[in-house]
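Below is one structure; the comments refer to it alone.
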Amino acid sequence: GDSVTQMEGPVTLSEEAFLTINCTYTATGYPSLFWYVQYPGEGLQLLLKATKADDKGSNKGFEATYRKETTSFHLEKGSVQVSDSAVYFCALSDRTPLVFGKGTRLSVIA
Amino acid sequence: NAGVTQTPKFQVLKTGQSMTLQCAQDMNHEYMSWYRQDPGMGLRLIHYSVGAGITDQGEVPNGYNVSRSTTEDFPLRLLSAAPSQTSVYFCASMRDFSDTQYFGPGTRLTVL
């Protein structure tokens, strides 16, 4: 079945550092790809998404590009802030319920 | 709009007790899902629904029942609680699977 693999955390960065969280997927069809973020004590919320190959999703300074050739959807941000500390989930849907990766915890220190 | 609401926020049960976790949404979404979140496991799908009267099993359905009598509500029933069901439970709704999922704030359940 479809699956998502993302880099294990935790990831600890200093403020203003560059962030990359790797995500690769396995799917038989052409899924939509998502990044969700979970702040402490809250539910998940959509960060960005892409629905077809070469699409770039972006929001709040985060970006991810749908790479069909490498089956990847890596999350990047050029300069992280303390407020970005959260758990980040990569997910896919091919007209099915979302399949999530296990999540990557990011801690940003001042 | 309240979005997706879940009650209760916290619950402690004894092994063998039953209970219902409530979930409601006011966005008129046809699709709703229940997930459990455990450390190191991400979110795993328990049950989902694509409309009133239509439900299906997800990855980890054993020990849980659902029904969908209205578009707004999607309760999750624990039939006989077990310690392995200690988890945080999230309900979500969406227009369709490829659209944004909106999550509730979660219910933290402890089974002793």
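Which chain is which? The protein sequence lines are A and B, in order. Quick note on numbering: our numbering labels position 100 of the first sequence as 108, and the sequence is numbered without any gaps. Quick note on numbering: our numbering labels position 8 of the second sequence as 356, and the sequence is numbered without any gaps. Note that CB positions come from ideal geometry on N, CA and C, so glycine has one too. None of these values were measured; they are calculated from a predicted model.
If we ignore side chains and look at the alpha-carbon of each, how far apart do residue i and residue j end up?
i                     : j                     : result
residue 359 (chain B) : residue 456 (chain B) : 6 Å
residue 421 (chain B) : residue 90 (chain A)  : 37 Å
residue 362 (chain B) : residue 97 (chain A)  : 32 Å
residue 83 (chain A)  : residue 28 (chain A)  : 6 Å
residue 54 (chain A)  : residue 427 (chain B) : 32 Å
residue 425 (chain B) : residue 388 (chain B) : 24 Å
residue 450 (chain B) : residue 384 (chain B) : 15 Å
residue 445 (chain B) : residue 77 (chain A)  : 24 Å
residue 400 (chain B) : residue 117 (chain A) : 46 Å
Please state the DSSP three-state secondary structure of residue i.
i                     : result
residue 91 (chain A)  : helix
residue 432 (chain B) : helix
residue 375 (chain B) : coil
residue 51 (chain A)  : coil
residue 390 (chain B) : strand
residue 357 (chain B) : coil
residue 153 (chain A) : Outside the shown range of chain A, which is 9 to 118, sits residue 153 (chain A), and nothing can be said about it.
residue 102 (chain A) : coil
residue 116 (chain A) : strand
residue 451 (chain B) : strand
residue 46 (chain A)  : strand
residue 14 (chain A)  : strand
residue 350 (chain B) : coil
residue 399 (chain B) : strand
residue 58 (chain A)  : strand
residue 460 (chain B) : coil
If contacts are defined as beta-carbon pairs under 8 Å, then residue i and residue j qualify, I think. What distance do you get, rounded to the angstrom?
i                     : j                     : result
residue 100 (chain A) : residue 33 (chain A)  : 5 Å
residue 433 (chain B) : residue 414 (chain B) : Between residue 414 (chain B) and residue 433 (chain B) the Cβ distance is about 14 Å, and since that is not below 8 Å, they are no contact.
residue 80 (chain A)  : residue 59 (chain A)  : At roughly 16 Å, the Cβ-Cβ gap does not stay under 8 Å, so residue 80 (chain A) and residue 59 (chain A) are not in contact.
Using a Cβ-Cβ distance cut-off of 7 Å, determine whether residue i contacts chain A.
i                     : result
residue 397 (chain B) : no
residue 423 (chain B) : no
Would you say residue i lies against chain B (beta-carbon separation less than 7 Å)?
i                     : result
residue 11 (chain A)  : no
residue 113 (chain A) : no
residue 34 (chain A)  : no
residue 104 (chain A) : yes
residue 110 (chain A) : yes
residue 83 (chain A)  : no
What in chain A is Cβ-close to residue i, meaning under 7 Å?
i                     : result
residue 454 (chain B) : 51
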